[in-house]
Each structure stands twice: as C-alpha cells, then as structure tokens.
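Q: Below you will find the structure I want to go over with you.
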Amino acid sequence: MDKSPNYWINKDKDINSKNFRCPNVSLFRFLSSLYFSIENKKVLEIGFKNGADLLEFNKRGALIFGLDINPEAVSHLNFKDKSRIRTSRCGKDSIPFKVLFDLIYLRDTIYYLSDEEIQFFFDDATKKMAKGGYIVVQFIEKDLLVEKSNPEDEINFNLFHNAKSELIFDEYNPIRFLSAKNIINAGKAANFELIASKRLIQSYDLHEEKFRLDRYLAFKVNNDHVY
Ligand SMILES: C[S@@+](CC[C@H](N)C(=O)[O-])C[C@H]1O[C@@H](n2cnc3c(N)ncnc32)[C@H](O)[C@@H]1O
C-alpha cells in the first residue's frame with residue numbers, strides 16, 4: 027500500500043514543533059553557485075512543511091508560492107497571501123497556479139513520490155516554467171553507519187567504504203532512497219536537462235558514526251521554446 031500521503035496528512039505536531047525552522051543554507055548556496063538571483067523571481071516550493079526556506083525566499087524579495095499535501099502545513103504557514111499557498115498532492119495533482127515559475131524546488135519531499143508520480147511532476151512542471159527557469163530537487167541518497175573514530179584523527183575515507191546502510195529517520199517514515207540516475211532520466215523524459223549537482227556528506231549524531239548522503243540536482247528546460 028502507498029503509505030506516503032497518509033503519513034503526512036494532518037501531521038500537526040510536526041508542523042507546530044519549534045525545531046527545524048532554520049532555512050537550509052545548502053539550498054541557498056547551491057542557488058548562488060547557479061547565479062540564480064532571487065529578487066522578483068516567482069518561486070514555488072512543493073512540500074514546504076514549516077516553510078523556513080519559502081519564507082527566506084520571501085524575505086529576499088521573491089514572489090513565493092507553496093504546495094503541501096498536508097492541510098495543517100498550509101494553515102500554519104505564517105504568510106498573509108493564502109491564495110498562493112495551497113493543499114495539493116504532488117505527483118497526482120497538477121500545479122494549480124496559472125503562473126510560470128523561475129524556480130520550482132522540492133527539499134526532502136521527492137522521495138515520498140513513486141517513480142510514476144515523479145514523472146508526472148516533471149511532465150507537469152515543464153508546462154509551468156518561465157524562460158530559463160530552474161527545477162531543484164534534493165533527496166537522501168543513503169544513510170550510513172561508520173565505525174567510531176578518534177576525533178583527533180584525520181578523516182579516514184575507508185570508513186565510508188566499509189560503512190553499513192542504516193536509517194537515520196524513524197522506521198514509520200516512508201522515505202525511500204533514490205538514485206540520481208532515475209531522477210535525471212525522469213527529468214530528461216520531460217525535456218529537462220541536468221545542469222548542476224551538489225552532494226553533502228554530513229554526520230547526524232554526536233560521535234560521527236551516523237552519516238547522511240544528500241544530493242541536490244538542478245534542471246533547466248532543454249529548449250527555451252517549449253512552452
Ligand atoms: C520532510 S518534509 C520537508 C519539509 C521542507 N521542504 C524541508 O526541507 O524542511 C516533507 C514535506 O513534504 C510534504 N509532502 C509529502 N508528500 C507530498 C506530496 N505528494 N505532495 C505535496 N507535499 C508532500 C509533507 O507534508 C511535508 O510537509
């Protein structure tokens with residue numbers, strides 16, 4: 027059974043939590059490496075949850091739009107123009123705004139979609155891009171458990187070679203690890219070309235044993251005359 031939608035709908039405790047409200051610096055650094063200037067751009071986040079990144083885009087002068095499967099996320103977002111913030115299930119519903127976007131991004135969200143839903147998302151997004159617009163997706167490639175090391179030592183890359191796969195998130199969370207190849211091919215099939223990628227390797231515990239490999243991919247429409 028597809029557990030993803032049920033896991034998120036009306037998850038109010040998660041939304042109300044005071045945790046995890048900082049914007050993701052890795053996202054803004056990636057955009058800056060792409061020379062994406064935020065001011066006056068139309069930016070859509072799909073799966074915004076607490077909205078930390080979306081509100082940061084607003085602060086930096088973008089015209090923001092948000093979609094989330096969870097109505098609690100939509101009603102809790104502290105943003106006055108609610109016409110631009112809607113409940114919608116990515117992968118099943120088309121993007122409901124009559125707008126061409128300079129940036130559509132999904133962070134920690136695309137892996138709740140099946141392969142067919144990911145394709146639906148790219149096919150739909152291709153009709154919603156402004157000239158030269160970007161799609162940015164971020165996902166988890168792997169969670170790894172490595173052997174404990176001495177904090178005084180230099181990094182030992184063999185630790186990753188010998189690492190075991192172990193989930194950092196709770197077992198009920200229907201995250202699936204995605205391969206970049208599948209996402210890139212889904213993009214290609216919808217006429218998007220990959221223009222950049224970024225990888226983060228970060229430990230999530232206090233003793234550098236639990237590592238997460240995160241990936242960002244950036245796409246552009248292949249021909250600017252498509253829409
Ligand atoms: C792990 S949170 C990520 C929140 C935020 N993007 C971030 O980076 O912190 C995943 C979010 O995606 C939403 N979501 C999950 N599946 C979705 C779908 N099919 N369509 C729209 N939103 C979805 C969830 O409700 C949740 O708010």
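Using the working numbering, the first residue of the sequence shown is number 27, and each one after it goes up by one.
For every residue, glycine included, the Cβ atom is placed at its ideal position computed from N, Cα and C.
Output the distance between the C-alpha atoms of Lys108 and Val172, rounded to the nearest integer angstrom.
A: Their backbone Cα atoms lie some 45 Å apart in a straight line.
Q: Going by DSSP in three states, His251 sits in which element: helix, strand or coil?
A: For His251, the predicted model reports a pLDDT of 46, less than 50, meaning its position is unreliable and no value from the coordinates is stated.
Q: Tell me whether Asn84, by its Cβ, gets closer than 8 Å to a heavy atom of ligand 1.
A: no
Q: State the beta-bridge partners of Ala78 as determined by DSSP.
A: Ala78 is not bridged by DSSP to any residue.
Q: How many angstroms separate the CA atom of Lys154 from the CA atom of Ile121?
A: 8 Å
Q: Anyone know if the C-beta pair for Asp240 and Glu167 falls short of 9 Å?
A: yes
Q: Does DSSP put Lys39 in a helix, in a strand, or in coil?
A: helix
Q: Going by Cα to Cα distance, which pick from Tyr138, Lys214, His102 is closest to Lys246?
A: Lys214
Q: Is it the case that the CB of Gly158 approaches a heavy atom of ligand 1 more closely than 8 Å?
A: Checking the Cβ of Gly158 against ligand 1 gives no.
Q: In or out: Cys48 buried (at least 16 other Cβ within 10 Å) or exposed?
A: exposed
Q: Beta-carbon within less than 6 Å of His251's beta-carbon, same chain only, minus the 5 sequence neighbours each way: which residues are those?
A: Because His251 carries a pLDDT of 46, less than 50, the predicted location of this residue cannot be relied on, and no value is offered for it.
Q: How big is the Cα-Cα spacing for Tyr138 and Thr113?
A: Here the C-alpha atom of Tyr138 lies approximately 16 Å from the C-alpha atom of Thr113.
Q: Do Phe127 and Leu70 have their beta-carbon atoms positioned less than 9 Å apart in this structure?
A: yes
Q: On the CB-based measure, 16 or more other CB atoms within 10 Å of its CB, does Asp8 come out buried or exposed?
A: With the chain covering 27 to 253 only, the question about residue 8 has no answer from this structure.
Q: Express the C-alpha separation of Ile41 and Pro31 in angstroms, rounding to a whole number.
A: 15 Å
Q: Is it right to say Asp179 is buried, meaning 16 or more other beta carbons lie within 10 angstroms of its own, or is it exposed?
A: By the neighbour-count definition (other C-beta atoms within 10 Å, threshold 16), Asp179 is an exposed residue.
Q: Report the rounded CA-to-CA distance for Ile227 versus Leu185, giving the unit in angstroms.
A: 13 Å
Q: If you measure from the CB of Pro31, is any heavy atom of ligand 1 nearer than 8 Å?
A: Result yes, Cβ under 8 Å from ligand 1.
Q: Quick one: grab the DSSP three-state call for Thr152.
A: helix
Q: Mapping DSSP to helix, strand and coil, what is Ile111?
A: strand
Q: Where does Lys68 sit, in a helix, a strand or coil, going by DSSP?
A: Correct three-state label for Lys68: strand.
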